[in-house]
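When the sequence shown is numbered by this note's numbering, its final residue is 993 and no position is left out of the sequence of numbers. What follows is a single structure, written as structure tokens, with notes after it.
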Amino acid sequence: MLTDDKVIEQFAVNHDRLFAGKSPRISTKAAAAAQQFLKKDVLSHFAYEERYIFPGLLRAGLGAEVANDVAEIRKDHRALIKEIKELTALLAKEKLTSEDVVVLREAMRAFGKHLQRHAVKENKLFPSLV
Ligand SMILES: [Fe+2]
Ligand SMILES: [Fe+2]
Numbered sequence: 864m865l866t867d868d869k870v871i872e873q874f875a876v877n878h879d880r881l882f883a884g885k886s887p888r889i890s891t892k893a894a895a896a897a898q899q900f901l902k903k904d905v906l907s908h909f910a911y912e913e914r915y916i917f918p919g920l921l922r923a924g925l926g927a928e929v930a931n932d933v934a935e936i937r938k939d940h941r942a943l944i945k946e947i948k949e950l951t952a953l954l955a956k957e958k959l960t961s962e963d964v965v966v967l968r969e970a971m972r973a974f975g976k977h978l979q980r981h982a983v984k985e986n987k988l989f990p991s992l993v
């Protein structure tokens, strides 16, 4: 599984690959790779945290503040998963119009920002775990 740092690094790689071509062209290969990355790396990273890290933190009885932080991070996951669904729907389109590419670019930019913000929160709560 990729760590937060690697997820963000790979997000940047995928982002650059998607928008490397002459606008508004998006390569089919880059779109497929980005979908794969979101599903395999990002969603499974969230799932791992939901399954192992958060229950572990809550079981450790670290107090209300940690419980609140976990609840907030879980809320982030739900919002990020929604964004991933929207991104995936765009990336899966057979033919992207130039408007689609504008929307995709904006959605990717927002997602990257939210992902980074999320990783900062996690890093405060469970540094060096994942
Ligand atoms: Fe994480
Ligand atoms: Fe997370």
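Yeah, the Cβ is synthetic: ideal placement off N, Cα and C, and Gly gets one too. Computed from a prediction, not measured in an experiment: that's the story for all the values here.
Compute the Euclidean distance between the alpha carbons of Thr891 and Leu953, then round it to the nearest angstrom.
Rounded to whole angstroms, Thr891 to Leu953 spans 12 angstroms at the Cα level.
If you run the structure through DSSP and keep just helix, strand and coil, what is Pro887?
Here Pro887 sits in coil by DSSP.
Any heavy atom of ligand 1 closer than 8 angstroms to the Cβ of Asp904?
Between ligand 1 and Asp904, a heavy atom-to-CB distance of less than 8 angstroms is absent.
Work out the CA separation of Val876 and Glu913 for me, nearest whole Å.
Between the alpha carbons of Glu913 and Val876 lies a gap of roughly 25 angstroms.
Nearest CA to the CA of Leu967: which residue from Gln873, Phe874, Phe989 and Leu950?
Relative to the Cα of Leu967, the nearest Cα in the group Gln873, Phe874, Phe989 and Leu950 belongs to Leu950.
Cα-Cα separation between Lys948 and Ala942, rounded to whole angstroms:
Distance between the alpha carbons of Lys948 and Ala942 is about 10 angstroms.
Taking 8 angstroms as the cut-off, is the C-beta of Phe917 nearer than that to any heavy atom in ligand 1?
Distance from the C-beta of Phe917 to the nearest heavy atom of ligand 1 is not below 8 angstroms.
Which residues in the same chain as Gln873 place their Cβ atom closer than 8 angstroms to its Cβ, once the five residues preceding and following it in sequence are excluded?
So the qualifying residues of the chain are Leu865, Phe900 and Asp904.
If you draw a straight line from the C-alpha of Lys958 to the C-alpha of Val965, how long is it?
For Lys958 and Val965, the distance between alpha carbons rounds to 14 angstroms.
Leu937: which of Ala910, Ala897, Gln979 and Leu881 sits nearest, CA to CA?
Note that residue 937 corresponds to Arg in the displayed sequence, not to Leu. Comparing alpha carbon positions, the residue from Ala910, Ala897, Gln979 and Leu881 closest to Arg937 is Ala910.
Straight-line CA distance for Phe917 to Arg888?
Cα-Cα distance, rounded: 41 angstroms.
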